[in-house]
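Each remark here refers to the structure printed beneath this line.
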Amino acid sequence: MRRTLPSVLVLSILWALVAGAAPPGEQARYVGGTLTGLAENSEGTLELGDEALIFVAKKGGTRIAIPYNKVQSLEYGQKAGRRVAAAVVVSPLFLFSKKRKHFVTIEFLDEAGKKQGAVLELAKGIVKETLSLLETKSGKKVEFESEEARKHFEKQ
């Protein structure tokens, strides 16, 4: 029993560090932008509707709709960070692993015709499907922030 408890504790910490920062499953995070009524770093879900992309915040249930026909541009980018916290707690081997985050920046016109922008972090499993649908429904091609982002996207 004494050996089991430390092992469970270490595995729990490891799992929290590895899984905690990225949005899981069908989820996304509103990182920031010009949207009013939605706090930066709000976690939520993405709904890919017939007429609009809808972000629903977990806290408060705020719904933000971005009509596909109002999208002006789409950009995909990544931020790869080293897992320093995991390396300190568990093993220096974690310094050699990368953690990729997947961001889409959407520039669109609001109801008043004013330019707005939203940066969303997407869960790994929904990146390709979401961007493909956004391209199809908006008629805008996804631009890539770097050649590395393009290559990673094409590998998915």
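Residue numbers (this note's numbering): 23 to 178. No residue lacks a Cβ here, since even glycine has one placed at the ideal position from N, Cα and C.
Inset, instruction - May I have the straight-line CA-CA distance separating Ser160 from Lys92, to the nearest angstrom? - result: Near 8 Å, if we compare the C-alpha coordinates of Lys92 and Ser160.
Inset, instruction - Note down, in chain order, each residue of its chain lying with its Cβ closer than 6 Å to the Cβ of Leu156, except the 5 sequence neighbours on either side. - result: The residues are Leu96.
Legend entry - Reduced DSSP category for Thr58 - H, G, I as helix; E, B as strand; rest coil: DSSP places Thr58 in coil when its eight states are reduced to three.
Inset, instruction - For Phe130, I'd like the list of residues in its chain whose CB is within less than 7 Å of its CB, leaving aside the five on either flank, ordered along the chain. - result: Only Ile88, Lys92, Val93, Gln94 and Gln138 meet the Cβ criterion.
Inset, instruction - Assuming Gly99 and Ala171 form a contact by the criterion Cβ under 8 Å, report the distance between their Cβ atoms to the nearest whole angstrom. - result: 5 Å between Cβ atoms; contact.
Inset, instruction - Keeping to the same chain, check which residues put their C-beta closer than 7 Å to that of Leu57; ignore five residues upstream and five downstream. - result: Taken in chain order, the residues that qualify are Ile86, Gln138 and Ala140.
Inset, instruction - Could you name the residues that DSSP lists as bridge partners for Glu143? - result: Paired residue(s): Arg51 and Phe125.
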